[in-house]
Every structure is written in structure tokens, then in C-alpha cells.
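Each residue of the sequence shown is one higher than the one before, starting from 9 at the first, in our numbering.
The block underneath contains the structure these notes are about, expressed in C-alpha cells.
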Amino acid sequence: MPSLDYPIHNHALVQKLHLAHADYLQEYCKYDTEITGRAYYKKGNNRTFFVNDLSMKNRIILIGDETPELIDELIKWYDKYDAEACNIEINPSNLYTSTQREYPPKLIDLLIQRGFFVSSFRTVWVCLPEVSKIEFSNDITIRRFESDEMDAFIEDLNVVDKIEDEKQAKVRDDEIRRDEGSNHWIHYIAYVDEIASATATLFITEDVGYLAWGYTRRQARNQGLHGYLINERVNDSALRGCSLSFSVTNFNDQSSMNLQRLGFRLAYNYIRFVKKLK
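Laid out in C-alpha cells, this is it:
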């Protein structure tokens with residue numbers, strides 16, 4: 009189980025996790041736009057990502073010292089990709105546009121004036137990873153897949169989360185193979201009676217492990233598979249030398265409860281602002 013020692017809740021922690029999540033987003037834009045249709049733009053310490061028309065991964069990463077002119081430039085960058093929308097995470101480390109803690113924060117007014125609206129409220133959980141062992145039920149096993157085992161992972165992923173439409177399934181499989189096939193990633197499959205039943209992913213950047221997406225097929229739910237996969241990913245974060253593990257959930261959902269049960273603590277909440285671009 010992760011350490012219950014709690015990292016100091018401050019600007020540095022929030023920004024570290026926010027930028028680690030930006031590194032995760034950048035993985036989806038690492039190839040030429042001509043190949044993927046995706047794009048990435050960096051201006052100073054700010055990054056923007058275009059993944060597809062409506063994706064939550066279309067993000068502008070603000071760090072808290074942007075001018076209105078720079079924000080306008082970052083928004084306008086999306087024009088060339090005919091994007092439907094873009095997203096901005098507003099958190100305690102980037103809420104203020106100056107060192108003066110003005111109230112109300114000027115950034116909120118600035119975004120509203122530019123057509124942004126509040127879309128969702130999300131929660132970021134963190135722990136200090138350490139290796140621990142959870143005893144699985146006799147009928148449960150977990151396999152991890154490294155970057156050179158993507159074909160085997162995708163084969164079992166299609167048992168856990170089968171897409172009936174062959175064309176759509178091929179697109180999903182090809183994108184996972186391309187986007188998540190570097191050595192930053194570890195993929196997992198949990199088996200019940202040797203049947204692939206749940207999946208999860210871990211993304212590692214520098215000394216931070218991000219517990220990214222996961223899924224359990226309906227017939228295998230309520231058997232603790234999600235908790236087992238959380239524990240495995242925290243273990244691997246520790247073994248890879250990470251100082252922090254984190255994950256992002258909606259408020260008060262099953263994932264957030266499982267993370268807390270396994271030692272995660274609240275790092276921060278954020279509001280997702282969205283702007284419709286056309």
C-alpha cells in the first residue's frame with residue numbers, strides 16, 4: 009500500500025503534477041501532424057495540444073504568468089486545425105495572473121470574456137509510492153506489458169474492451185500501438201480464471217508516475233480488479249524511482265474511492281474551462 013505520508017500541498021506540488029499531465033498529453037502529439045493529424049505548440053513555458061476535434065486532450069497549459077495577449081495567441085493557434093473546442097485546467101497554481109492575490113482572480117474574467125465556460129470539476133489524487141504486496145484471489149492474475157509487447161497487450165485488450173465495428177477497432181488499436189508504445193508506458197491486464205477482464209495503464213515522466221486510463225468489463229466488476237491494478241501501478245512507480253504517483257478522477261466516483269482506500273490523498277481540485285471554437 010502507498011505511504012500515507014502526505015506531500016506538502018503547495019504551488020510546487022500542484023504545478024509538478026499539472027506539468028506531468030501535460031507530458032502525458034504530449035505523448036499523443038509526438039509524431040508529425042501529417043502522420044497523425046495531431047499537433048503540439050510550445051511558446052515559452054506554455055504548451056498547447058490538438059488531438060482531435062472534440063477531445064478533452066485539446067488543451068492549453070497555463071502556468072500562471074500569462075498575459076492576455078499570450079492567451080489570445082494560444083487560443084488562435086487552434087484555428088489552423090479546425091478544432092471544435094479547446095480546454096484549460098484552472099487550478100490553485102495558475103489561477104492568478106500576477107503575484108498579487110487579487111480577488112476575484114482576473115484569469116477567470118479573462119476566460120469568460122473570451123467565450124470559455126465551466127465544463128467539469130475534477131480531482132487529482134497523489135501518494136508517495138512504495139512497493140507493497142496485495143494477495144490476489146486464487147483465480148486472479150495480472151500481467152504487465154512493456155513497450156515491446158504491444159501486440160500481445162492489444163490482443164487481450166480486445167477481450168476486455170471489444171469494439172464490434174472492425175474499422176473502429178483497428179483505429180483504436182493502431183492509435184494505442186503508436187501513441188502508447190514508448191518506454192514511458194506500462195500496460196496491464198487482469199485475468200479472472202485466465203480470461204482477460206480488466207486493463208490499466210501507467211505513464212512515467214521523470215520521477216512521476218501517472219495512473220492513466222483503465223477499464224473493467226462489466227461481467228468482471230466488483231471483484232477488486234481496479235484496486236489490484238492501482239496497487240500494481242504504484243509498485244511499478246516505486247520500482248522505476250518515482251517520487252510521486254498520481255491520478256485524476258471525477259468527483260466522488262468509484263475510482264476516487266478506490267484510490268483513497270489504497271492510500272492516495274487529495275492533491276488539488278481543478279475546474280475545466282471549455283471554449284467552443286466553431
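Beta carbons are placed, not taken as given, at the ideal position from N, Cα and C, and that holds for glycine.
Computed from a predicted model, the values in this text were never measured in an experiment.
The three-state reading of DSSP puts residue 39 in coil, since its state is none of H, G, I, E or B. Judged by beta-carbon spacing, residue 247 lies beyond the 8 Å limit of residue 255, meaning their Cβ atoms are not closer than that value. Under the criterion of beta carbons closer than 8 Å, residue 67 and residue 94 qualify as touching, at roughly 7 Å.
CA-to-CA, the gap between residue 103 and residue 243 works out to about 33 Å. Beta-bridge partners of residue 155 (DSSP): none assigned. If you check the CB distance, residue 134 and residue 25 come in under 8 Å. In the three-state reduction of the DSSP assignment, residue 207 falls in the strand class, which pools E and B.
Secondary structure at residue 97: strand, using DSSP grouped into helix, strand and coil. Between residue 239 and residue 152, the alpha-carbon positions lie close to 13 Å from each other.
Annotation note: the segment 166-236 contains the following uninterrupted alpha helix (DSSP H) runs of length 4 or greater, listed N- to C-terminal: 174-187. For residue 195, the number of other beta carbons within 10 angstroms of its own is at least 16, and it is reported as buried. The straight-line gap separating the alpha-carbon atoms of residue 56 and residue 205 is approximately 35 Å.
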